[in-house]
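Asks: The structure is given below, and queries will be raised subsequently.
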Amino acid sequence: MNAKTADKIATGVIYAISSIVALILFAMLGFILVRGVPHLSWHFLTSPARAFEAGGGIGIQLFNSFYLLILAMLISFPIALGAAIYLNEYAQKNRFTAIIRTAIEILSSLPSVVVGLFGFLLFVVQFKLGFSILSGAIALTLFNLPLLTRSIETSLAQIPDLQREAGAALGLSRWETVLHVILPAAVPSIVTGVVLSAGRVFGEAAALIYTAGQSAPALNFADWNPFNISSPLNPMRPAETLAVHIWKINSEGIMPDLNAVSAGASAVLIIVVLLFNFSARKLGMKLYKKLTSA
Amino acid sequence: MDNITKKLMQRSESTRKDTFGRVVSLTALILIGVVVVAIFAFVLSRGLSTFFKDGVNVKDFLFGTTWNPSVTNPATKQPYVGALPMIIGSFLVTFLAAIVATPFAIGTALFMTEIAQKRGAKIMQPIIELLVGIPSVVYGFIGLTVVVPFIRTITSGSGFGILSGTIVLFVMILPTITSMTVDTLKSVPRYYRESALAIGATRWQMIYKVILRAATPGIMTAIVFGMARAFGEALAVQMVIGNAALMPTGLTTPASTLTSVLTMGIGNTVMGSLQNDVLWTLAMILLLMSLVFNLIVRAIGRRGAMK
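Here it is, written out as structure tokens:
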């Protein structure tokens, strides 16, 4: 076959393949949004779920998702930040560093269901935390740590060594340089990384079904004392999240309007992830402008 | 005089702060290491107790074809714990999904980097990034409402099965493989392209003979990553595969994977019983497989590093 003909055929095939892929992707997004968005209403977003009759909402699940996300980020961020600082600023190239890096890589490739089972075994059963927000938040932390660490480390590594040398030349210790020079410079890209990982955590379900549980007890939104069992802030109550809810109602198949509820909930999930993705970049850029202009 | 000596002998404020920072950050790092060790220790100890405590034969477990841990086989006085149906189910959906996804991912990545750099990247990049972030339950839900009924109408079965699982996983790992392949293709140096074109190669010859060859290790890594994701995916697969722990006889009969049996079973068994232990052994297999995928990626990285 003529090389030119082959070139034309191949180009055509590549065009065809990528249009099919684009079609699949658009169709999927379109499907969820078209099916889900009409179902969204203030009532749907705020009222509690109903197991056996139509017309329930996702209010508690939505709140649980955000609460778990915030708790998980509060636990995982300091740890990831510390680990990333050590890896990028202090660590020497030796066996210890290599082993830890491998460990982080392995943790990031573990199936999330295994992380969830580990959380179930250790926190729910061994430490007797039960199915609770706390167990769920710790499981999400384990799931989130490797990725967050890597993204913060990349952000730190992007800061040129000139800055570190300048710090050292001024007589600052390494830690002071990190605290006052490197971190402020890296804030925008760290924020981008954190928000992106928040999107992933928000949609995670497999790690939660056996840690945060699959039930959403009624909450009293007037009671903000974290020690009361019906308080939304109580970290020891079981908390089904939005993603778990979609999974549960579909695998039970009892709820009469489960297709509409799942479509609506899926649309909410995707819109939130979309918002996270979008705001991650915007926020990073805005912070960068603000921090560099002064 | 005394004051100065003292000042010189003492550790400075800065040094103290530095030590503090070093210790704090090292603690965080070690914590992550401890977590990884703990996960392995716990899952291995629970998973191995099937063999040590309950006396199940490793060979029976890995190659037995009947899974029904609560029933005892009258001939051997052993419960039916053959995990082969799930192991085969997991590998089947993973490999099939990877085989289908690879040409699509490479084609799309080539489109984005070689053929329509500006337009292709502008349209596809954000969608692919978004799709990487879509929660897996959403994929499962789409599978349940679109893929399963579709398969049901064309094959007359229930629609649940390996084929539906493969389709859902295919869509799920497609963005992952594509975005990693795009990164690899972008890292192929520009002068490779220039030299190929300069000696008269057509665009396809340049792509096929130069760029794809140079990018092979990276593409392989992308595929293995996709496979690792598919292998460990639990809920999306569980929703569409039918959850029947039988040896798969066809692509459209209900089957199960390691992850689907785990998600279904772990809440319904009593901790410490044989029924529970065998589930942990399945989790152990998942853990070890993710280790294997990791080793493969490393091996590819070491052998295929661009010289």
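For the protein sequence lines, the chains are P and G, in the order given.
For what it's worth, this note's numbering labels the leading residue of the first sequence as 1, then goes sequentially.
For what it's worth, this note's numbering labels the leading residue of the second sequence as 1001, then goes sequentially.
A virtual CB, placed ideally from N, CA and C, is assigned to each residue, including glycine.
Keep in mind that this is a model prediction, so the values were computed, not measured.
For the structure I just gave you, are there three or more beta carbon pairs, one from the stretch 264-280 of chain P and one from the stretch 1166-1173 of chain G, closer than 8 Å?
Replies: The stretch 264-280 of chain P, when compared against the stretch 1166-1173 of chain G, does not touch it at the 8 Å Cβ threshold.
Asks: For residue 43 (chain P), count neighbouring Cβ atoms within 10 angstroms of its own Cβ and tell me buried if that reaches 16, exposed if not.
Replies: Within the first sequence, the letter at position 43 stands for residue 43 (chain P). Looking at its Cβ environment, which holds fewer than 16 other Cβ atoms inside 10 Å, residue 43 (chain P) is exposed.
Asks: How about residue 1029 (chain G) and residue 82 (chain P): do their beta carbons lie closer than 8 Å?
Replies: In the second sequence, counting from the first residue as 1, residue 1029 (chain G) sits at position 29. In the first sequence, counting from the first residue as 1, residue 82 (chain P) sits at position 82. Against a cut-off of 8 Å, the Cβ pair of residue 82 (chain P) and residue 1029 (chain G) comes out as a contact.
Asks: For residue 1017 (chain G), which residues in chain P fall below 7 Å Cβ to Cβ?
Replies: Counted from its first residue, the second sequence places residue 1017 (chain G) at position 17. Ordered by position in chain P, the residues that pass the 7 Å Cβ test against residue 1017 (chain G) are 173, 175 and 176.
Asks: Here's a check: name, in chain order, each residue in its chain whose Cβ is nearer than 7 Å to the Cβ of residue 1136 (chain G), leaving out the five neighbours to either side.
Replies: Along the second sequence, one-based indexing puts residue 1136 (chain G) at 136. Here the set comprises 1172, 1233, 1235 and 1236.
Asks: How about the stretch 252-263 of chain P and the stretch 156-167 of chain P: do they share at least three Cβ pairs that are nearer than 8 Å?
Replies: The stretch 252-263 of chain P, when compared against the stretch 156-167 of chain P, does not touch it at the 8 Å Cβ threshold.
Asks: So residue 1113 (chain G) is in the beta strand (DSSP E); what residue range does that whole segment cover?
Replies: Against the second sequence, residue 1113 (chain G) aligns to sequence position 113. Unbroken run through residue 1113 (chain G): none, as it is neither H nor E.
Asks: Ordered along the chain, which non-local residues of its own chain (more than five positions away) have a Cβ less than 7 Å from that of residue 1111 (chain G)?
Replies: Taking the second sequence and counting its residues from 1, one reaches residue 1111 (chain G) at position 111. Once the five neighbours on either side are set aside, the close Cβ partners of residue 1111 (chain G) are 1120.
Asks: Quick check on the DSSP output: the alpha helix (DSSP H) that includes residue 67 (chain P) runs from which residue to which?
Replies: On the first sequence, position 67 is the one that residue 67 (chain P) refers to. Looking at the DSSP string, the run of the alpha helix (DSSP H) that includes residue 67 (chain P) is 59-85.
Asks: Identify every run of the alpha helix (DSSP H) within the stretch 1182-1209 of chain G, keeping only runs that are complete inside it and at least 4 residues long; order them along the chain.
Replies: Counting whole runs of 4 or more residues, the stretch 1182-1209 of chain G contains the alpha helix (DSSP H) stretches 1190-1198.
Asks: Compare the C-beta of residue 1276 (chain G) against all C-beta atoms of chain P and say whether one is closer than 8 Å.
Replies: In the second sequence, counting from the first residue as 1, residue 1276 (chain G) sits at position 276. It does not; no Cβ of chain P falls within 8 Å.
Asks: Is residue 28 (chain P) close to chain G, meaning its C-beta is less than 8 Å from at least one C-beta of that chain?
Replies: Residue numbering aside, residue 28 (chain P) sits at position 28 when the first sequence is read from its first letter. It does; some Cβ of chain G falls within 8 Å.
Asks: For residue 1067 (chain G) and chain P, any beta-carbon pair shorter than 8 Å?
Replies: Translated into the one-based positions of the second sequence, residue 1067 (chain G) becomes position 67. For residue 1067 (chain G), the answer is no, since every Cβ of chain P falls outside 8 Å of its Cβ.
Asks: Do you know whose CA, among P:216, P:213, P:201 and P:187, lies nearest residue 71 (chain P)'s CA?
Replies: Stepping through the first sequence from its first residue, residue 71 (chain P) is reached at position 71. Ranking P:216, P:213, P:201 and P:187 by Cα distance to residue 71 (chain P) puts P:201 first.
Asks: Mind checking residue 248 (chain P): buried by the 16 CB within 10 Å criterion, or exposed?
Replies: Working through the first sequence from its first residue, we reach residue 248 (chain P) at position 248. Buried: at least 16 other Cβ atoms inside 10 Å.
Asks: What residues of chain G sit near residue 269 (chain P), judged by a beta carbon separation below 9 Å?
Replies: The residue you call residue 269 (chain P) lines up with position 269 of the first sequence. Simply 1134, 1135, 1137 and 1138.
Asks: Residues in the same chain with beta-carbon distance under 8 Å from residue 1132 (chain G), minus the five sequence neighbours each way, listed in chain order, please.
Replies: Sequence index remark: in the second sequence, residue 1132 (chain G) carries index 132 (1-based). Contacts found: 1175, 1176 and 1179.
Asks: Residue 1280 (chain G): buried (16+ other C-beta within 10 angstroms of its C-beta) or exposed?
Replies: Reading the second sequence from its first residue, position 280 is the one you call residue 1280 (chain G). Buried, because 16 or more other Cβ atoms sit within 10 Å of the Cβ of residue 1280 (chain G).
Asks: Does the beta-carbon distance from residue 288 (chain P) to residue 160 (chain P) come in below 8 Å?
Replies: Translated into the one-based positions of the first sequence, residue 288 (chain P) becomes position 288. Translated into the one-based positions of the first sequence, residue 160 (chain P) becomes position 160. No, they are not a contact pair.
Asks: Please tell me whether residue 1143 (chain G) and residue 1253 (chain G) are closer than 8 Å, where the distance is taken between their beta carbons.
Replies: For this step, residue 1143 (chain G) is matched to residue 143 along the second sequence. For this step, residue 1253 (chain G) is matched to residue 253 along the second sequence. Not in contact: residue 1143 (chain G) and residue 1253 (chain G) (Cβ atoms no closer than 8 Å).
Asks: Using a threshold of 8 Å, state whether the C-beta atoms of residue 1089 (chain G) and residue 1230 (chain G) are closer than that.
Replies: On the second sequence, position 89 is the one that residue 1089 (chain G) refers to. On the second sequence, position 230 is the one that residue 1230 (chain G) refers to. Result no, Cβ atoms of residue 1089 (chain G) and residue 1230 (chain G) do not sit closer than 8 Å.
Asks: Spatial neighbours of residue 39 (chain P) within its chain, please: C-beta separation below 7 Å, excluding the five flanking residues on both sides.
Replies: The residue labelled residue 39 (chain P) in the question sits at position 39 within the first sequence. Result list for residue 39 (chain P): 260, 263 and 264, in chain order.
Asks: Can you give the Cα-Cα distance for residue 218 (chain P) and residue 241 (chain P), rounded to whole angstroms?
Replies: Indexing the first sequence from 1 puts residue 218 (chain P) at position 218. Indexing the first sequence from 1 puts residue 241 (chain P) at position 241. Computed Cα separation, rounded: 13 Å.
Asks: For residue 180 (chain P), I'd like the list of residues in its chain whose CB is within less than 8 Å of its CB, leaving aside the five on either flank, ordered along the chain.
Replies: Position 180 of the first sequence, counted from the first residue, corresponds to residue 180 (chain P). Contacts found: 167 and 172.
Asks: Relative to the alpha-carbon of residue 1044 (chain G), which residue among G:1031, G:1292, G:1295 and G:1286 has its alpha-carbon at the smallest distance?
Replies: Locating residue 1044 (chain G) in the second sequence gives position 44, counting from the first residue. It is G:1286 whose Cα lies nearest to the Cα of residue 1044 (chain G).
Asks: Using the three-state DSSP reduction, which class does residue 132 (chain P) fall into: helix, strand or coil?
Replies: As a first step, residue 132 (chain P) must be located in the first sequence, where it is residue number 132. Correct three-state label for residue 132 (chain P): coil.
Asks: For a contact defined as C-beta to C-beta under 8 Å, what are the partners of residue 83 (chain P) on chain G?
Replies: By one-based count along the first sequence, residue 83 (chain P) stands at place 83. Neighbours of residue 83 (chain P) on chain G, chain order: 1025, 1028, 1029, 1031 and 1032.
Asks: Which term fits residue 98 (chain P), buried or exposed, when burial requires 16 or more other beta carbons within 10 angstroms of its beta carbon?
Replies: Counting from 1 along the first sequence, the entry for residue 98 (chain P) is found at position 98. Exposed: under 16 other Cβ atoms inside 10 Å.
Asks: Would you decide whether residue 1190 (chain G) is buried or exposed? Buried here means 16 or more other CB atoms lie within 10 Å of its CB.
Replies: Numbered from its first residue, the second sequence carries residue 1190 (chain G) at position 190. Residue 1190 (chain G) is exposed by the Cβ-count criterion.
Asks: Using 8 Å as the Cβ pair cut-off and three pairs as the minimum, do the stretch 122-136 of chain P and the stretch 50-60 of chain P touch?
Replies: No, because fewer than three Cβ pairs between the stretch 122-136 of chain P and the stretch 50-60 of chain P fall closer than 8 Å, the two stretches do not touch.
Asks: Tell me whether residue 1218 (chain G) is buried or exposed, calling it buried when 16 or more other Cβ atoms sit within 10 Å of its Cβ.
Replies: Residue numbering aside, residue 1218 (chain G) sits at position 218 when the second sequence is read from its first letter. Buried, because 16 or more other Cβ atoms sit within 10 Å of the Cβ of residue 1218 (chain G).
Asks: Note down, in chain order, all residues in the stretch 95-109 of chain P with a beta-carbon under 7 Å from any beta-carbon belonging to chain G.
Replies: Here the close residues are 100, 103, 104, 105, 106, 107 and 109.
Asks: Nearest to residue 1226 (chain G) by CA position, among G:1265, G:1105, G:1018 and G:1069, is which residue?
Replies: On the second sequence, position 226 is the one that residue 1226 (chain G) refers to. Nearest C-alpha to residue 1226 (chain G): G:1105.
Asks: Would you say residue 1185 (chain G) reaches chain P, if we count a Cβ-Cβ gap shorter than 8 Å as a contact?
Replies: By one-based count along the second sequence, residue 1185 (chain G) stands at place 185. No, its Cβ sits nowhere closer than 8 Å to a Cβ of chain P.
Asks: Going by other Cβ atoms of all chains shown within 10 Å of its Cβ, with 16 needed for buried, is residue 1306 (chain G) buried or exposed?
Replies: Walking along the second sequence from the start, residue 1306 (chain G) turns up at place 306. For residue 1306 (chain G), the predicted model reports a pLDDT of 49, less than 50, meaning its position is unreliable; a value from the coordinates is still stated below. Its Cβ having fewer than 16 others within 10 Å, residue 1306 (chain G) is exposed.
Asks: Do residue 1188 (chain G) and residue 1168 (chain G) have their C-beta atoms closer together than 8 Å?
Replies: Here the question's residue 1188 (chain G) lines up with position 188 in the second sequence. Here the question's residue 1168 (chain G) lines up with position 168 in the second sequence. For residue 1188 (chain G) and residue 1168 (chain G), no; Cβs fall outside 8 Å.
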